[in-house]
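Just below is one structure, and these are the notes that go with it.
In my numbering, the protein residues as written are 23 to 500.
Shown next, in the form of structure tokens:
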């Protein structure tokens, strides 16, 4: 290794390495001083014990290897599963109820299960590609397989996905907190603090500046694992709220059993498909999550993918179905808009649900900003990577704020993201990856039938879903 080569290592690792080196040097010095004659068993045992006792490395060793230390350790399968679940669960938990109401109940259930299966398969495709190519991010995989020009085009899909998702999460944070602040300050509606805490313009800025932007500057998703666990618990609490409201209010008179199978319209059905694609669109984070696993292997990540898909599907059902029974055809684009009716009544369970939902999406927000930074830094490889990483994060946060102000509708945002970016990230890219690393490298080869099917499905949802999304935006603008 040349003298100009520099390897950056975490401070704690550097400390351990340098300590081990110093202990080794001291033992060598003792050997040279007293000659090279071998030590007898007693002397060697005493020397080893003394060295271990005096060494900071010995002091740093964990006292005991417990189940908790293994389970919650960075890089464990549990931590990876939590990261995948958190990267998956997002705004779809709030809009699935609306999609079931307009797209057919049974068809929505079948579509969610179908998308969960496709999600596991696509993650497995990405893992195979990482192992085959040795590349550790979507950007580097595409550059390696298809060249830099294709990479630039792909970054558009990545940016659309991440910015659209982050904007929908910001919309959800405001939808969660604004009704609470409104109830707290309702006695003085003209006060400056009431306006600041209830207006989307100001509350979004406050939440971004104080909380959400700072946590987007972390260098590793693993450093957010504790916030991730808290966030997921908040989503589970929303499921408790759904069951609680069903138990206390019963089935709504507006629940229309006639739409159990058939959608209100086929446009609504296609709209639901793009939303469910968004509901399982976690592929942008998978290379990084996989590389952060200790003792990683495709089989190990496949187990993580299956467990995360089962958990996410169960959460979607537990939240969407009870809310559908409670709200019926009155279900709005986000269940938070329906739940707000219970806040003036002082319902503690619902109020906690609003607070925890806000916290959950605050914790999810960095998972959508992080891939933008990784992708652009890996693509352009600037000399001052840390500085430009901060610049990219700042621009992404600002754009998400502008989208939040211009289009504060979660269902429309998810439809756009699912149609344009989700189709590419979930289906087209993983399918083409595996075709490119196959033996034949031919699209219609028998060995590539599954991968070709993914690409074709992605093209269909891309064209059809994008057309529906444009139609929705025009309707919203009117």
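Beta carbons are placed, not taken as given, at the ideal position from N, Cα and C, and that holds for glycine.
### Task
Classify residue 315 as helix, strand or coil using the three-state DSSP reduction.
coil
### Buried versus exposed, by CB contacts within 10 Å (16 or more), residue 471
exposed
### Query
Of all the alpha helix (DSSP H) runs that stay within the bounds of the region 348-387, which reach a length of 4 or more residues?
357-361
### Query
Between the region 401-416 and the region 195-211, do at least 3 Cβ pairs fall closer than 8 Å?
no
### Task
If I'm right that residue 444 touches residue 292 with Cβ under 8 Å, what's the distance once you round it to whole angstroms?
Contact flag wrong, Cβ pair sits at about 13 Å.
### Query
Does the beta-carbon of residue 413 have 16 or more other beta-carbons within 10 angstroms, so that it is buried, or is it exposed?
exposed
#### Entry: Beta-carbon spacing of residue 187, residue 439 below 8 Å
yes
### Task
Count the other C-beta atoms from every protein chain shown that fall within 10 angstroms of the C-beta of residue 307, then say buried if there are 16 or more, exposed otherwise.
buried
### Query
What three-state label does DSSP hand residue 444 in the structure shown?
helix
### Query
Alpha carbon to alpha carbon, how far is residue 479 from residue 449?
7 Å
### Message
Quick check: the Cα distance between residue 1 and residue 462, rounded to an integer number of angstroms?
### Response
No answer is possible for residue 1: the residues shown for the chain start at 23 and end at 500.
### Whole-angstrom distance between residue 237 and residue 118, CA atom to CA atom
28 Å
### Message
Quick check: what's the CA-CA separation for residue 173 versus residue 161?
### Response
6 Å
### Message
Measuring alpha carbon to alpha carbon, tell me which residue in 334, 394 and 180 is nearest residue 298.
### Response
334
### Query
Which runs of the beta strand (DSSP E), 3 residues or longer, sit entirely within the region 209-240?
none
### C-beta contact flag for residue 104 and residue 337 at 8 Å
no
### the region 420-431 / the region 187-202 touching (three or more Cβ pairs under 8 Å)
yes
### Query
Given a threshold of 16 other Cβ atoms within 10 Å of its Cβ, counted over all protein chains shown, does residue 375 qualify as buried or as exposed?
buried
### Query
In chain order, what residues of the same chain lie with their CB nearer than 8 Å to the CB of residue 388, ignoring the 5 residues before and after it?
234, 237, 238, 240, 243 and 246
### Task
Take the Cβ of residue 96 as the centre, count every other Cβ of all protein chains shown within 10 Å, and call the residue buried at 16 or more, exposed below.
exposed
### Query
Is residue 363 buried or exposed, if buried means 16 or more other CB atoms sit within 10 Å of its CB?
exposed
### Query
So is residue 304 buried or exposed if we call it buried at 16+ other beta carbons inside 10 Å?
buried
### Counted within 10 angstroms of its Cβ, other Cβ atoms place residue 165 as buried (16 or more) or exposed
buried
### Message
Buried or exposed, going by whether 16 or more other CB atoms sit within 10 Å of the CB of residue 15?
### Response
In the structure displayed, the chain extends from 23 to 500; residue 15 sits before or after that span and is not available.
#### Entry: Cut-off 6 Å between Cβ atoms - residues of its own chain near residue 500, not counting five sequence neighbours on either side
none
### Message
Alpha carbons only, please: which of 113, 182 and 128 is nearest the one belonging to residue 447?
### Response
182
### Message
Cutting at 7 Å between CB atoms, please list the residues of its own chain near residue 32, excluding the five before and the five after it.
### Response
Residue confidence for residue 32 is low, a pLDDT of 42 falling below 50, so the modelled location carries little weight; the figure read from the coordinates is stated next. Counting only Cβ-Cβ distances below 7 Å, and skipping sequence neighbours, we find nothing.
### Task
Check residue 80 in the structure and name its three-state DSSP category.
Confidence in residue 80 is poor, its pLDDT being 45 and thus under 50, which makes the residue's placement unreliable; the coordinate value appears in the next sentence. Three-state DSSP puts residue 80 in a helix.
### Task
State the CB to CB distance for the pair residue 365 and residue 372, rounded to an integer number of angstroms; the pair is presumed to be in contact (CB under 8 Å).
7 Å
### Query
Pick from 489, 368, 269 and 385: whose alpha carbon is nearest that of residue 559?
In the structure as shown, the chain starts at 23 and stops at 500, and residue 559 therefore has no counterpart that could be examined.
### Query
Under a three-way DSSP split, which group does residue 304 fall into?
coil
### Task
Please work out which residues of its chain come closer than 8 Å, Cβ to Cβ, to residue 459, disregarding the five sequence neighbours upstream and downstream, and give them in chain order.
150, 151, 154, 155 and 167
### Message
I'd like the list of long-range same chain contacts for residue 296, defined as Cβ closer than 6 Å, with 5 residues on each side in sequence excluded.
### Response
437, 440, 441 and 487
### Message
Please classify residue 143 as buried or exposed, where buried requires at least 16 neighbouring CB atoms within 10 angstroms.
### Response
buried
### Query
Under the three-state reduction of DSSP, which class applies to residue 403: helix, strand or coil?
coil
### Message
Applying the 10 Å Cβ sphere with the 16-neighbour rule, what's the burial state of residue 278?
### Response
exposed
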